[in-house]
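Asks: Have a look at this one.
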Amino acid sequence: MSFSISVKKILNPRLLSLSAAIMATSLNVQAMDHKAFEKAMDALPKKGASEKLEALQDLRYRWIMESYPENATYRGYPGVEKNWTDQSVKGIERRKGQTRKLLAASRQLNEDKLSDAEKLDYQLLYQDLLLQVRGYQFPDHLLPVNHMSGIQRSVPAVLNAMPKRTAADYENILARLDKLPGLIEQNKILMEKGLAQGLTPPQITLRDLPGQIRALIPADPTQSPLLKSFYDMPAAISASNQNRLRARAENIYKKTLIPNWQSFAEYVERDYIPSANTETAFTKNEDGIRWYAYKVREETTTDLSPEEIHRIGLEEVRRIRGEMDAIIKKTGFDGDFKAFTDFLRNDPQFYYDDKEELLKNYRDIAKRIDGELPALFGTLPRLPYGVKPIPSYSEKSQTTAYYQPGSSEAGRAGVFFANTYNLKSRPTWEMEALTVHEAMPGHHLQIALAQEQNEIHPLRRNKFYTGFVEGWGLYSESLGYDLGLYKDPYNEFGALTYDMWRAVRLVVDTGMHQLGWSRDEAIQYFMDNSAKPEHDVVVEIDRYLVWPGQALAYKVGQLKIKEVRARAEEALGNNFDIRQFHDALLGAGALPLNVLESRMNSWIESQGGEISQSVPPAPESAGQAALN
């Protein structure tokens, strides 16, 4: 499944002129401590804008990989396979200081001396650093764990993504297992500090957290997701080595992992949940109004306020509801909207009784889509993907599906994870829209293409802007009509349900966090305007409570992409080519929405189109960017 890599396979030829400090990356590299960082900073070029920019990008990329080793595992970056991110208070403060120094160094660069392509690189580097530093005014680090994210979910996922080809690979896994007690303790300390300040996830969302933790440590080690790989080792590893490695893993599991994870679960159950915040609005936290506004800006990469987004959501809900009513009429159904959605939620014809049948249908849909893609895209990714069930330890409180990026460097395919828990909440009419969003031409196509843009620095190739990435996923759902999907009125209604789902998010996320809505009011509004099963609705609402602002990016991004496409179609007329448009849209990797719009306006003009004077101007230069 995996293969060994070198730094040269990660960095494209343009980047192989790295300074000696950065090229020092080796299989023995440790997390970037103060001394290593200062040495790398001192090695930055003193002259030449292009040289300074390239060196800053190299250092920033190295810093991310070595400061966040889990990220390095997913990207196939070597040298930190034995480590976890240092989540101690000291480690967090060290990273904040280093980021501030990188920002200060970026401000010393003369943007006027850069080429147009380099200016884009610089703008993205500077804005990312600036936004990150401005986020340091808020204590996000005191919210390390919730039911949607945290070490109880990230640890098994990272272990599963690690290379498993040689005995040395398994030694790396053992090293990480050995360090888990320290990681657990660091997270517990952060949670205690947050609790002392009255800062926790809403209490009602934490109900499944102890169970998620205990699911990692069943009495039988063969059933633990932490040790899964030790019972399926490749034949290339000798039997004696397999036995030795497995025995060490089981010893660590029984002596340290079970007691430490169990202690953590008991702390969460006994101390954390009973004292957790009973308020659900994020804005009820200290300085919560500014904090929520920051998160909205961070996730959407726009200047839209929560109130503006709420109004957009209400308008979209009205529009989509009209289209849904038309579909109901077309089916000849005898009943109102509520009766129809109840029919879709409850009629047995829309549900599978077997998990494997559900997964098979997802795979069949994916195969049907593949043959239609060349009509919409000039460039398709080389990296394959697969369809797998969401792991059992997290499926109960996980959303309907998600995508995990692959990595050609790490030899790992992308994965479309589908939830097979509670099959009576997994209707067939949602499957086509979901596959388009998570796999092709949605997340897999966009993210894999970005990773294969070898002329782009890896810092950008691996960047994730929620507004662009999730906006693209939702926009891709609208391409289902061109891909031969949604021919059945129920599947078409399913596509509208998914569009409505994202529109409802604009209303309920801002409603709960900015406008005083209760959790129950948000659930009811969702149920009244969607055919999503109640289990999914509750999971979604609780997701918005612990990830405030994140879900806004889907619809905001989709609307921006649709707006840019409409502008291109109008400006280019008969010369508009959908394949060229999509290639241009995806050709620079993920971008903030304001930068994407400016770039696509330039593309329209390069194709002979004229841009209306009413179109917003290009964003400010990086050195003048105002990210409040």
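When we follow our numbering, the leftmost residue of the sequence shown carries the number 653, and every step to the right adds one.
C-beta atoms are modelled at their ideal positions from N, C-alpha and C, and glycine is treated no differently.
#1: In angstroms, rounded to a whole number, what distance separates the CA positions of Asp-738 and Ser-890?
#2: Going by beta carbon distance, what residues of the same chain come within less than 6 angstroms of Ser-656, once the five residues before and after it are set aside?
#3: Here's the rule: buried if 16 or more other CB atoms are within 10 angstroms of the residue's CB, otherwise exposed. What is Phe-1116?
#4: Verify whether the separation of the beta carbon atoms of Ala-901 and Leu-858 is less than 8 angstroms.
#5: Tell me whether the region 1025 to 1041 and the region 1097 to 1109 touch, counting them as touching only if at least three CB pairs, one residue from each stretch, are closer than 8 angstroms.
#6: Between which residues of its own chain and Gly-1146 is the CB-CB distance below 6 angstroms, once the five residues before and five after are set aside?
#7: Could you tell me if Thr-930 is buried or exposed, where buried requires 16 or more neighbouring beta carbons within 10 angstroms of its beta carbon?
#8: Can the beta-carbon of Thr-983 be found less than 8 angstroms from the beta-carbon of Pro-1141?
#9: Just the Cα atoms here: how many angstroms apart are Phe-1178 and Val-1189?
#10: Distance check for Glu-1221 and Pro-870, CA to CA, integer angstroms please.
#11: Starting from Lys-687, trace the alpha helix (DSSP H) both ways and give me its first and last residue.
#12: The alpha helix (DSSP H) that contains Tyr-1014, what's its start and end?
#13: Nearest to Gly-1239 by alpha carbon, out of Ile-972, Tyr-720, Asn-1106 and Lys-1139?
#14: Using 8 angstroms for Cβ pairs, my map puts Lys-1281 next to Leu-1135. What's the rounded Cβ distance?
#15: Count the other CB atoms, across all protein chains shown, that sit within 10 Å of the CB of Asn-762; report buried if there are 16 or more and exposed otherwise.
#16: Let me make sure I understand the geometry here. Which of Ser-1130, His-1095, His-1109 and Glu-1129 has the alpha-carbon closest to that of Thr-1118?
#17: Which full runs of the alpha helix (DSSP H) of 4+ residues lie inside the region 816 to 850, going along the chain?
#18: Given a cut-off of 8 angstroms, decide if Met-693 and Trp-715 are closer than it, judged by their beta-carbon atoms.
#19: In the structure shown, what three-state DSSP assignment does Lys-734 receive?
#20: Is Asn-929 helix, strand or coil by DSSP?
#21: Let me check understanding here. Comparing Cα to Cα, which of Lys-704, Arg-1020 and Ala-1203 lies closest to Glu-1122?
#22: I'd like to confirm the pairing. Which residues does DSSP put opposite Ser-1060 in its beta bridges?
#23: With a floor of 4 residues, list each alpha helix (DSSP H) that falls wholly inside the region 858 to 929, ordered by position along the chain.
#24: In whole angstroms, what separates the C-alpha of Ser-826 from that of Leu-897?
#25: Considering Val-810, what are the terminal residues of the alpha helix (DSSP H) in which it resides?
#26: Which first and last residues belong to the beta strand (DSSP E) in which Val-1039 is found?
#27: Please list, in chain order, all residues of the same chain as Lys-936 whose beta carbon is under 8 angstroms from its beta carbon, the five residues on each side excluded.
#28: Among Lys-990, Thr-1052, Leu-1025 and Glu-1024, whose alpha-carbon lies nearest the alpha-carbon of Leu-1010?
#29: Which stretch, first to last residue, makes up the alpha helix (DSSP H) that contains Val-1159?
#30: Starting from the C-beta of Leu-1224, find all residues in its chain whose C-beta is less than 8 angstroms away, skip the five residues before and the five after it, and write them out in chain order.
#31: Tell me the rounded alpha-carbon separation between Leu-705 and Gly-743.
#32: Between which residues of its own chain and Ile-1263 is the CB-CB distance below 8 angstroms, once the five residues before and five after are set aside?
#33: Hey, how far is the Cα of Arg-942 from the Cα of Arg-949?
#34: Here's the rule I'm using: 16 or more other beta-carbon atoms within 10 Å means buried, otherwise exposed. How should Glu-959 be labelled?
#35: By the three-class DSSP mapping on this structure, what secondary structure does Val-1067 have?
#36: Report the three-state DSSP secondary structure of Pro-854 (helix, strand or coil).
Replies: Looking at the atomic coordinates:
#1: 34 angstroms
#2: Low confidence applies here, because Ser-656 scores a pLDDT of 27, under 50, leaving its location unreliable; read the following figure in that light. Result list for Ser-656: empty, nothing under 6 angstroms.
#3: exposed
#4: Result no, Cβ atoms of Ala-901 and Leu-858 do not sit closer than 8 angstroms.
#5: yes
#6: Trp-1081, Glu-1082 and Ala-1085
#7: By the neighbour-count rule (16 or more Cβ atoms within 10 Å), Thr-930 is not buried but exposed.
#8: yes
#9: Computed Cα separation, rounded: 7 angstroms.
#10: 57 angstroms
#11: 686 to 694
#12: 1007 to 1022
#13: If you compare the alpha carbons of Ile-972, Tyr-720, Asn-1106 and Lys-1139 with that of Gly-1239, the shortest gap goes to Asn-1106.
#14: This structure cannot settle anything about residue 1281, because the visible part of the chain is limited to 653 through 1280.
#15: exposed
#16: Comparing Cα positions, the closest option is His-1095.
#17: 819 to 830 and 832 to 848
#18: Result no, Cβ atoms of Trp-715 and Met-693 do not sit closer than 8 angstroms.
#19: Three-state result, Lys-734: coil.
#20: strand
#21: Ala-1203
#22: In the DSSP output, where bridge partners are listed per residue, Ser-1060 has none listed.
#23: 861 to 866, 891 to 904 and 910 to 919
#24: Looking at the sequence itself, residue 826 is Leu, so the reference to Ser does not match. Those two C-alpha atoms are separated by around 8 angstroms.
#25: 803 to 813
#26: 1037 to 1041
#27: Asn-929
#28: Thr-1052
#29: For Val-1159, the enclosing alpha helix (DSSP H) begins and ends at 1141 to 1165.
#30: Ile-1256, Gln-1259, Gly-1260 and Gly-1261
#31: 26 angstroms
#32: Arg-1219, Ala-1223, Asn-1253, Ile-1256 and Glu-1257
#33: 11 angstroms
#34: exposed
#35: strand
#36: strand
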